[in-house]
Amino acid sequence: MEMTVVRRYAAFSAWVRGPAQFRRFRNRSSSSKRNPSPRRISADTRKEASLSATNEEHLPKWSSISGWAGTCHARCQVIRCADSTEASQQAKESKLWLPRGAGCSYGDAAILDQGHLLLLDRPQVSETSSESSDSVIVSSALTLRNLLSTLASEGLTLPVVPGVLDATVGGLIAADAHGKNHLNRGSFRDVTDSFQLLLSSGEVVDCDRSHNQELFEGTIGGVGLTGMILAAQLQVIPFAGPRALVEVTSTPDLETSLDQLHRQAQRQEHVAAWIDPTSSGASFGRGIVVAGTPVTGSGNEKTVWNLSRGCPFPPGLGRMLTPRTLRWHNQLRYSFTRGGDHSRPWKLDQLLFPLERWSNWKRLYQPRGFHQHQSLLPPESSPQAIRNLLKMACSGALGPTLVVAKCMRSGGGWLSFPDQGITLTMDIRADQDSENLLRRLNEEVADQGGKVYLAKDSTLTPGLLARMYPDLSRFKDLRQRIDPDRKIASNLSRRLDL
16 MEMTVVRRYA AFSAWVRGPA QFRRFRNRSS SSKRNPSPRR ISADTRKEAS
66 LSATNEEHLP KWSSISGWAG TCHARCQVIR CADSTEASQQ AKESKLWLPR
116 GAGCSYGDAA ILDQGHLLLL DRPQVSETSS ESSDSVIVSS ALTLRNLLST
166 LASEGLTLPV VPGVLDATVG GLIAADAHGK NHLNRGSFRD VTDSFQLLLS
216 SGEVVDCDRS HNQELFEGTI GGVGLTGMIL AAQLQVIPFA GPRALVEVTS
266 TPDLETSLDQ LHRQAQRQEH VAAWIDPTSS GASFGRGIVV AGTPVTGSGN
316 EKTVWNLSRG CPFPPGLGRM LTPRTLRWHN QLRYSFTRGG DHSRPWKLDQ
366 LLFPLERWSN WKRLYQPRGF HQHQSLLPPE SSPQAIRNLL KMACSGALGP
416 TLVVAKCMRS GGGWLSFPDQ GITLTMDIRA DQDSENLLRR LNEEVADQGG
466 KVYLAKDSTL TPGLLARMYP DLSRFKDLRQ RIDPDRKIAS NLSRRLDL
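Using our numbering, read the sequence shown as starting at 16 and increasing by one per residue.
What follows is the structure, encoded as structure tokens:
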């Protein structure tokens, strides 16, 4: 039976202001009794710290902080808050601040020059009731890795699993993150039932689709500019198992790649296409489509999400990244798959997190870092738009080192990225011409009626942002009402006049 709204918020408020960091709730009748001694599950906080994107725990108070891709930098004061009470006090006292999770935003969305970065401490203990549940309430500071591991041990998982294990729950909501199953399950907005938000004034408010609805829509995808998410209630589903049946199919050209991507997205749960940007002529846009669906009862749930990192990339390897070596690599990758299309079991984490097998892979782009340009292109323009963007990106000194396409469905949230169409993601090594290239790509995306993902962006302009996000004025109006002095800011908000 459904829990009443009053009881939901009573439980929610009691949780976030108390010592517990994680509780599961079952929708029960008011007459049912709660387990008086919830089972406790320890979380390895040392591992959490070592996997944090920037390891703020070991930084001095004033530090040079970078975006995750290493191209954007700011001098910030990092302030760790033990709980919501301390965070509220810091919000009141700070003249200029920004909430920050694990710092997984690629560009300048999670940095604030000459301002305070407020972080919630990582959870020390996970606590859960012994009954089954269809939702969980978690600290916003909990990483996806820790959350998935805890849920899997109890036979549960999230309907939406974004591809960044080290991101925090708060960061995933602020970015309205999505995974390879967006066409089937949607984004993090679709699994977020409610959350508690710390405003710039220090006030804590509850938000869901019917209560403080504007704050709900503005915060999801709002890149942290409405306040600090303290806790969230997320939907969970039964965990099928740690393995998936995966189909790998090679495609000879761009049209076939996109057609196969669409076909597989209608049949399978998690689908993405690798596009070879070095191919040319009749084989331009050839690729490999990887599609998989979890297999029920396929193994021990406790072993999933604990990926072992491979050997670290040696320093200086980036000097070997040239147009010639990139062509060789892509030719080998395509040739290895061509003619060997197959359907076989994979580990689920291998399907969802392919880069987690490599340690420090960002060294490939040192010392300047890289950009990840992710755009959403509407269905009516996507084939030609993707062709245009690929050709434009390949005109650079190196061209994109990685190109991935996924199918998307309609989304929500005023500044949310997910929408109907195809998303094209390109990794581009930073050099003297890369920012000019990104600006040309942004113009092309806007001309095609698409949008650029703010959590990955570092080069958009206010004018292009207004063309891409029709609800921008609603977001700005909300910001003006709840934070007229713009106490909450980021380098991104300054650049885009948010």
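Ideal Cβ placement from N, Cα and C applies to all residues, glycine included.
Q) What residue from Asp123, Leu111, Ser209 and Met407 has the CA that sits closest to His131's CA? A) Here residue 131 is taken as the residue at index 116 of the sequence shown, counted from 1. From the listed residues Asp123, Leu111, Ser209 and Met407, the smallest Cα separation to His131 is found for Leu111.
Q.
Let me check understanding here. Comparing Cα to Cα, which of Asn451, Lys491 and Leu487 lies closest to Pro499?
A. Along the sequence shown, one-based indexing puts residue 499 at 484. Nearest option by C-alpha distance: Lys491.
Q.
If you reduce the DSSP assignment to three classes, tell me which class Arg509 lands in.
A. As a working mapping, residue 509 is identified with position 494 in the sequence shown. Reduced to three states, the DSSP call for Arg509 is helix.
Q: Closer than 6 Å by C-beta to Leu507: which residues in its own chain qualify, once you throw out the five before and the five after it? Chain order, please.
A: Here the question's residue 507 lines up with position 492 in the sequence shown. Closer than 6 Å at Cβ, skipping near neighbours: Asp123 and Ala124.
(Q) Can you give me the C-alpha to C-alpha distance between Asp311 and Gly256, rounded to a whole angstrom? (A) To locate residue 311, count along the sequence shown from 1; it is residue 296. To locate residue 256, count along the sequence shown from 1; it is residue 241. Residue 311 is actually Thr in this sequence, not Asp. Rounded to the nearest angstrom, the two C-alpha atoms are 5 Å apart.
Q: Could you give the DSSP three-state label for Pro114: helix, strand or coil?
A: Numbered from 1 along the sequence shown, position 99 holds the residue referred to as residue 114. Look at Pro114 here: in three-state DSSP terms it is strand.
Q. Counting Cβ pairs closer than 8 Å, one from the segment 232-252 and one from the segment 202-214, do we hit at least three?
A. Segments in contact, yes.
Q.
Ala504 and Leu240 - do their beta-carbons sit closer together than 9 Å?
A. Here residue 240 corresponds to residue number 225 of the sequence shown, with the count starting at 1. Here residue 504 corresponds to residue number 489 of the sequence shown, with the count starting at 1. Pairing Leu240 with Ala504 gives a Cβ-Cβ distance under 9 Å.
Q) Going by other Cβ atoms of all chains shown within 10 Å of its Cβ, with 16 needed for buried, is Thr308 buried or exposed? A) Sequence index remark: in the sequence shown, residue 308 carries index 293 (1-based). Here Thr308 is buried: its Cβ has 16 or more other Cβ atoms, across all protein chains shown, within 10 Å.
Q: Could you check if Gly331 is buried or exposed, using at least 16 other CB atoms within 10 Å of its CB as the buried criterion?
A: Counting from one through the sequence shown, the residue named residue 331 turns up at place 316. Exposure of Gly331 is indicated by the presence of fewer than 16 other C-beta atoms within 10 angstroms of its C-beta.
Q) Could you give the distance in angstroms between the alpha-carbon of Ser164 and the alpha-carbon of Val319? A) Taking the sequence shown and counting its residues from 1, one reaches residue 164 at position 149. Taking the sequence shown and counting its residues from 1, one reaches residue 319 at position 304. Using only the alpha carbons, I get a separation of about 7 Å.
Q | Three-way DSSP call (helix, strand, coil) for Glu262 in this model | A | Here residue 262 corresponds to residue number 247 of the sequence shown, with the count starting at 1. Here Glu262 sits in strand by DSSP.
Q. Going by the CB atoms, is the gap between Gly116 and Ala156 shorter than 9 Å?
A. Sequence index remark: in the sequence shown, residue 156 carries index 141 (1-based). Sequence index remark: in the sequence shown, residue 116 carries index 101 (1-based). Their beta carbons are under 9 Å apart, which means Ala156 touches Gly116 by this criterion.
Q: Within its chain, find whatever has a CB closer than 7 Å to the CB of Ser150; leave out the 5 residues flanking it on each side and keep chain order.
A: Position 135 of the sequence shown, counted from the start, is the residue given in the question as residue 150. So the qualifying residues of the chain are Phe40, Asp208, Gln248, Leu249, Gln250 and Val251.
Q.
Could you compute how far the alpha carbon of Phe37 sits from the alpha carbon of Val153?
A. Counting from one through the sequence shown, the residue named residue 37 turns up at place 22. Counting from one through the sequence shown, the residue named residue 153 turns up at place 138. Summary for Phe37: the model assigns pLDDT 42, below 50, so the residue's position carries little reliability; its value from the coordinates is reported in the next sentence. Between Phe37 and Val153, the C-alpha separation is close to 5 Å.
**Q.** Reference Ala461; option with closest CA among Phe299, Gly333 and Ser390
**A.** In the sequence shown, the residue the question calls residue 461 occupies position 446. Taking each of Phe299, Gly333 and Ser390 in turn and checking the Cα distance to Ala461, the smallest one comes out for Ser390.
Q | Backbone CA spacing between Val467 and Ala190 [nearest angstrom] | A | What you label residue 467 is simply residue 452 of the sequence shown in a count that begins at 1. What you label residue 190 is simply residue 175 of the sequence shown in a count that begins at 1. Here the alpha carbon of Val467 sits roughly 12 Å from the alpha carbon of Ala190.
(Q) Since Gly414 and Ser449 should fall inside the 8 Å C-beta cutoff, what is the C-beta to C-beta distance between them, to a whole number of angstroms? (A) Indexing the sequence shown from 1 puts residue 414 at position 399. Indexing the sequence shown from 1 puts residue 449 at position 434. Between Ser449 and Gly414 the Cβ distance is about 11 Å, and since that is not below 8 Å, they are no contact.
Q.
Within 10 Å of its beta-carbon, does Ser79 have 16 or more other beta-carbons around it, so buried, or fewer, so exposed?
A. For this step, residue 79 is matched to residue 64 along the sequence shown. Counting the other Cβ atoms within 10 Å of the Cβ of Ser79 gives fewer than 16, which makes it exposed.
Q: Could you pull out every residue in the same chain whose Cβ sits closer than 7 Å to the Cβ of Arg32, ignoring the five residues on either side in sequence?
A: For this step, residue 32 is matched to residue 17 along the sequence shown. With a pLDDT of 48 at Arg32, under the threshold of 50, the predicted position of this residue should be treated as unreliable, and no value is reported.
**Q.** Cβ neighbour criterion (16 or more within 10 Å) applied to Ala167
**A.** As a first step, residue 167 must be located in the sequence shown, where it is residue number 152. Answer is buried; the Cβ neighbour count reaches 16.
(Q) Comparing C-alpha positions only, which one of Tyr121, Pro477, Lys406 and Glu108 sits nearest to Leu269? (A) Sequence index remark: in the sequence shown, residue 269 carries index 254 (1-based). Here the closest residue by C-alpha is Lys406.
Q.
Can you give me the C-alpha to C-alpha distance between Leu430 and Leu230, rounded to a whole angstrom?
A. By one-based count along the sequence shown, residue 430 stands at place 415. By one-based count along the sequence shown, residue 230 stands at place 215. Those two C-alpha atoms are separated by around 12 Å.
Q) With distances taken from CA atoms, which of Trp361, Val176 and Gly170 is nearest Thr158? A) Along the sequence shown, read from residue 1 onward, the residue named residue 158 stands at position 143. Cα-wise, what sits closest to Thr158 is Val176.
Q) Straight-line CA distance for Arg402 to Ser120? A) Position 387 of the sequence shown, counted from the start, is the residue given in the question as residue 402. Position 105 of the sequence shown, counted from the start, is the residue given in the question as residue 120. Each residue's Cα considered, the two are about 27 Å apart.
**Q.** Endpoints, alpha helix (DSSP H) assigned at Trp343
**A.** Against the sequence shown, residue 343 aligns to sequence position 328. Where Trp343 is concerned, the enclosing alpha helix (DSSP H) starts and stops at Pro338 to Thr352.
Q: Could you name each continuous beta strand (DSSP E) segment of 3 residues or more that falls completely within the segment 392-459, going from the start of the chain to the end?
A: Unbroken beta strand (DSSP E) runs of no fewer than 3 residues, entirely contained in the segment 392-459, are found at 417-423 and 436-444, following chain order.
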